[in-house]
Amino acid sequence: MTDTTAPHDVYRPDLVEAKWQARWAERHTNEPDLDGAARPFYNLMMFPYPSAEGLHVGNMYAFTGSDVYGRFKRLQGYDVFEPLGYDAFGIHSENYAIKVGVHPAELIPRNIANFRRQLTRIGLMADWRHELSTTDPAYYKWTQWLFLQLFKAGKAYKKKAAVNWCPNDKTVLANEQVIDGHCERCGAQVEQRFLEQWFFRITDYAARLLANLDDRSKMDWSATTTTAQRNWIGRSEGAELAFATDAGPLTVFTTRPDTVFGATFMVLAPEHPLVPALTSDAQRAAVEAYRAQAAAQDLVSRKVGDKAKTGVFTGGFAVNPATGTRIPVWIADYVLMEYGTGAIMAVPAHDERDFAFATQYALPIVRVVAGPDQAADTPLAGAYVELEGARLVNSAQFDGMAPADARRAITEWLAARGAGALRVQYRLYDWCISRQRYWGPPIPIIYCDACGAVPVPEQDLPVVLPPIDDFRPDDSGISPLARHEEWYYVPCPRCGATARRETDVSDTFLDSAWYHLRYPSTEFADRPFDPARTRRWCPVTTYIGGNEHAVLHLLYSRFIAMVLHDLGHLDFEEPFARFRAHGLIVKDGAKMSKSRGNVVVPDEYIAKWGADAFRMYLMFLGPYEEGGDFRDAGINGIRRFLDKVWQLVGQAAQAAPGDEVTKAVVAKWHRTKKKVAEDVEALGYNTAIAALMEMLNVLRDGHVVERTIAEEFVVCLAPFAPHFAEECWERLGHETSVFDARFPGWDPALLVDEVVELVVQVNGKTRGKVSVARDAAEAAAVAAARAEPGIARFLEGQAVRKVVHVPNRLLNIVVAPA
RNA sequence: GCGAACGUGGCGGAACCGGCAGACGCGCAGGACUUAGGAUCCUGUCCCGCAAGGGGUCCGGGUUCGACUCCCGGCGUUCGCACCA
Numbered sequence: 182m183t184d185t186t187a188p189h190d191v192y193r194p195d196l197v198e199a200k201w202q203a204r205w206a207e208r209h210t211n212e213p214d215l216d217g218a219a220r221p222f223y224n225l226m227m228f229p230y231p232s233a234e235g236l237h238v239g240n241m242y243a244f245t246g247s248d249v250y251g252r253f254k255r256l257q258g259y260d261v262f263e264p265l266g267y268d269a270f271g272i273h274s275e276n277y278a279i280k281v282g283v284h285p286a287e288l289i290p291r292n293i294a295n296f297r298r299q300l301t302r303i304g305l306m307a308d309w310r311h312e313l314s315t316t317d318p319a320y321y322k323w324t325q326w327l328f329l330q331l332f333k334a335g336k337a338y339k340k341k342a343a344v345n346w347c348p349n350d351k352t353v354l355a356n357e358q359v360i361d362g363h364c365e366r367c368g369a370q371v372e373q374r375f376l377e378q379w380f381f382r383i384t385d386y387a388a389r390l391l392a393n394l395d396d397r398s399k400m401d402w403s404a405t406t407t408t409a410q411r412n413w414i415g416r417s418e419g420a421e422l423a424f425a426t427d428a429g430p431l432t433v434f435t436t437r438p439d440t441v442f443g444a445t446f447m448v449l450a451p452e453h454p455l456v457p458a459l460t461s462d463a464q465r466a467a468v469e470a471y472r473a474q475a476a477a478q479d480l481v482s483r484k485v486g487d488k489a490k491t492g493v494f495t496g497g498f499a500v501n502p503a504t505g506t507r508i509p510v511w512i513a514d515y516v517l518m519e520y521g522t523g524a525i526m527a528v529p530a531h532d533e534r535d536f537a538f539a540t541q542y543a544l545p546i547v548r549v550v551a552g553p554d555q556a557a558d559t560p561l562a563g564a565y566v567e568l569e570g571a572r573l574v575n576s577a578q579f580d581g582m583a584p585a586d587a588r589r590a591i592t593e594w595l596a597a598r599g600a601g602a603l604r605v606q607y608r609l610y611d612w613c614i615s616r617q618r619y620w621g622p623p624i625p626i627i628y629c630d631a632c633g634a635v636p637v638p639e640q641d642l643p644v645v646l647p648p649i650d651d652f653r654p655d656d657s658g659i660s661p662l663a664r665h666e667e668w669y670y671v672p673c674p675r676c677g678a679t680a681r682r683e684t685d686v687s688d689t690f691l692d693s694a695w696y697h698l699r700y701p702s703t704e705f706a707d708r709p710f711d712p713a714r715t716r717r718w719c720p721v722t723t724y725i726g727g728n729e730h731a732v733l734h735l736l737y738s739r740f741i742a743m744v745l746h747d748l749g750h751l752d753f754e755e756p757f758a759r760f761r762a763h764g765l766i767v768k769d770g771a772k773m774s775k776s777r778g779n780v781v782v783p784d785e786y787i788a789k790w791g792a793d794a795f796r797m798y799l800m801f802l803g804p805y806e807e808g809g810d811f812r813d814a815g816i817n818g819i820r821r822f823l824d825k826v827w828q829l830v831g832q833a834a835q836a837a838p839g840d841e842v843t844k845a846v847v848a849k850w851h852r853t854k855k856k857v858a859e860d861v862e863a864l865g866y867n868t869a870i871a872a873l874m875e876m877l878n879v880l881r882d883g884h885v886v887e888r889t890i891a892e893e894f895v896v897c898l899a900p901f902a903p904h905f906a907e908e909c910w911e912r913l914g915h916e917t918s919v920f921d922a923r924f925p926g927w928d929p930a931l932l933v934d935e936v937v938e939l940v941v942q943v944n945g946k947t948r949g950k951v952s953v954a955r956d957a958a959e960a961a962a963v964a965a966a967r968a969e970p971g972i973a974r975f976l977e978g979q980a981v982r983k984v985v986h987v988p989n990r991l992l993n994i995v996v997a998p999a
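Heads up, the first sequence is in the working numbering, so the first residue is 182 and it goes up one at a time.
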């Protein structure tokens, strides 16, 4: 080392960061008073799934952004609670455990220890007293309790449902595990099976879940997230219409009752219960073959959009309630049993799918809507779906009506004849929470031959997941737990007879749907969440997380909170008062994933540059809510910045009290403080950092370093570079944490300089600038501009037509030849 | 197909309510200090032009004294949802 600067002027993140992490732990710096906090602020980040690979840069980005915000709130005087935990149950862990041949119960604690090390290293303001893992019986006891509350309230039920089944791995697959109709792991063709599954009645809450999205008093969320939820819930207004058949009335849902006169055939989902009754003897063999083929398909490829339409005529007929015509009934897999009534009236003239189907099978097409310049018999090249200026044709007394008016009129007309009703339909399905796997909380139900499905009594919770070695799923289609008789057979809690446990475990999303309620109350063994604690800290003040959870996790959490509210356990129904979606950090344009081999591990960067430089660099990459591509070019710039601040603090620490700075520097500083505070509040971290860099450049430009400014500067920097700021703060003579300081205020009177530069334009083109006194009048500004030769030459021989004066900013002189 | 976001130097990005386009950083170029520099410091860095000046925010129109910003029409990228009746 031949460094010529004094040793104390070299900033050493390797020593400083460890020092402060130890001190924060010793001094309980990050632990708010959960029972007495006067200004509670619950700052939540999405807890990670503790993978074997450790946290990647994307995780760090998410956590750091949330931590910056939490630390900023702390500096504003809030009692910030920033807990962390692990979403450690689930199929990821289990599959990985199977792959490496180590039991997940052994693997997970190892991974958690590594995560905790990384999370500590990056310098999060985490309250480790309240760390939790969803795999801890003390946690999932209450996940099971939650299930029981829903069960008792009639919000949990069991029904047969289609699942993806891999005949080779002999297991149920999630939709994401099916690639092109094949198992992602073994490549075998996936089939459909019908299994008994537990569901939660989230559809009962569809209307409320949707309505609250617009209620700012309950939830202030990123627009991208509310939009995603709105689409997911998928509200459609339409009508339910009844078509008479020999097998009884056949009900359909349609958003276009105005086109009922054009319904020339009907299509049922292959699984529709009325299919056997409608099928003629002549068609029975073909219908059965088609149904079998549909059942053999996996759920994913069944729903792929562009594939050719297929179907079979059942031989049965229905009567169009509007026209009285007999129309054929078909089955086709483009009609889904899960949506609407599982049956449609097909209007080929005005629906693209029906048009394709009718063309394929030479079914009649009748136009009932015509465009502004079309006759009732203008031939159709495809489905006519335009509504603008359209009117009904071939629709008896409704001819000439606009489709929007006809919807109501026709539905009412049919309703009067007992064949229709207005109805709202949602796209949302009930939430299937059953998993025929091992690594999850056992669903707390006992089956008794005499008593049926009996809930496990609450005092018997938790139903502990037994530590079995053969946790692999097998071909039975039931959970591995069923193979363990000592666990499986249990006395019925109601009658005492030998009964059997439910062997399914619950979905990981149930674990994460209530973790925010547990954090403040982790030390209470006898209740899921303490009422007083919950009242003080919940709902979550600010939740920052990835938009990949915009629908599932965030919607399920809202649903669970709503149910708990209705059952009297919570006095709010929306769990996250404010939610902000951060952007995604990608690498080379693609999402980071192990299979792509583009995962960036943060540890080496942190080791090389320090946690603070790395944190700041991530926050400086671009707008936090947009994310971006990770590259390491430029992290050096942040390090340089910190080194310069370090030197500045060194100068300030030695500055004499009487040293004064110019008014221009003071004004710049007040503008900077204002900008940093406003930008951080809006998650504009990149521009907040840029503002501090700009200020630093001003301070370094030969100005005296005033102690007050240096101290305030360090506080402004603290949310981004907490260890660095602590060390600077100490160096400036403070004995307490910089996070016990207050974020500096600013004086509105000092924001504008006494002399301002005015941009002068002639006919909208910038021709120069002049210095004028602040708030100078227009006449004075024009005079100053005319006095400037470079500007005056453009005014020579010209008549002034108009002057536009924006005080302290711009002067535009509009001229024309005299 | 539907929905949402976006398009600015070599790169990441900035620009409040319509008011100096390119802040801040990276990179690059030149210089200083050095045995050395991949450290540090200084200067420069949208394009054309010696200059005066001109052009410039995906493309084409429009509104305006003035447009990256607003309006109309294209093109392109990214992300959701996707046979939802």
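Even for Gly, the Cβ is constructed at its ideal location relative to N, Cα and C.
Residue i vs residue j beta-carbon contact at 8 Å
i: K322; j: P623; result: no
i: F924; j: A980; result: no
i: M241; j: P712; result: no
i: A527; j: A425; result: no
i: V984; j: I994; result: yes
i: W620; j: P285; result: yes
i: L913; j: A834; result: yes
i: P903; j: D793; result: yes
i: Y277; j: A233; result: yes
Bridge partners - residue i, DSSP secondary structure assignment
i: K772; result: V767
i: C613; result: F380
i: W174; result: Because the chain in this structure spans residues 182 to 999, residue 174 falls outside the shown range and cannot be described.
i: H986; result: L992
i: L449; result: I512 and A524
i: S274; result: According to DSSP, S274 bridges with nothing at all.
i: I627; result: V635 and R682
i: D260; result: P221
i: K341; result: E377
i: A420; result: T435 and L603
Sequence-distant residues of the same chain with beta carbon closer than 8 Å to residue i, five excluded per side
i: V456; result: L449, V468, R472, T495 and I512
i: P213; result: P221, D260, V261, F262 and D308
i: F375; result: K341, A342, A343 and V344
Beta-carbon proximity list for residue i, same chain, < 6 Å, skipping 5 on both sides
i: A571; result: V550, G552 and P584
i: R255; result: V261 and F920
i: M743; result: Y386 and E754
i: S660; result: Q617, T684 and D685
i: G239; result: I766 and M773
First through last residue of the beta strand (DSSP E) which encompasses residue i
i: S952; result: K946 to A954
i: T435; result: L431 to T435
i: A634; result: G633 to P636
i: T315; result: Segment: none, T315 is in no beta strand (DSSP E) and carries neither H nor E.
Extent of the continuous alpha helix (DSSP H) to which residue i belongs
i: I819; result: I816 to Q835
i: Y786; result: D784 to W790
i: Q464; result: D462 to A477
i: V943; result: No alpha helix (DSSP H) contains V943, which is instead part of the beta strand (DSSP E) from V936 to V943.
i: Y669; result: E666 to Y669
i: A504; result: The residue asked about is misnamed: residue 504 is Thr in this sequence, not Ala. T504 -> no alpha helix (DSSP H), and no H or E assigned at all.
Sequence-distant residues of the same chain with beta carbon closer than 7 Å to residue i, five excluded per side
i: C632; result: C673, R675 and C676
i: H730; result: M227
Mind listing, in chain order, the continuous beta strand (DSSP E) runs of no fewer than 3 residues lying wholly within the segment 203-241? The segment 203-241 contains these whole beta strand (DSSP E) runs: 221-226.
I'd like the ranges of any alpha helix (DSSP H) spanning at least 4 consecutive residues and lying wholly in the segment 512-599. DSSP runs (the alpha helix (DSSP H)) wholly in the segment 512-599: 533-542 and 584-597.
Could you pull out every unbroken alpha helix (DSSP H) segment of at least 4 residues lying fully inside the segment 689-756, listed in chain order? Those alpha helix (DSSP H) runs which fall completely within the segment 689-756 and span 4+ residues are 689-693, 696-699, 712-718 and 733-747.
What are the complete alpha helix (DSSP H) segments, minimum 4 residues, inside the segment 360-415? Complete alpha helix (DSSP H) runs here, min 4: 387-393 and 404-414.
4 or more residues per run - each alpha helix (DSSP H) lying fully within the segment 861-931: Listed in chain order, the complete alpha helix (DSSP H) runs (minimum 4 residues) inside the segment 861-931 are 866-881, 888-898 and 903-912.
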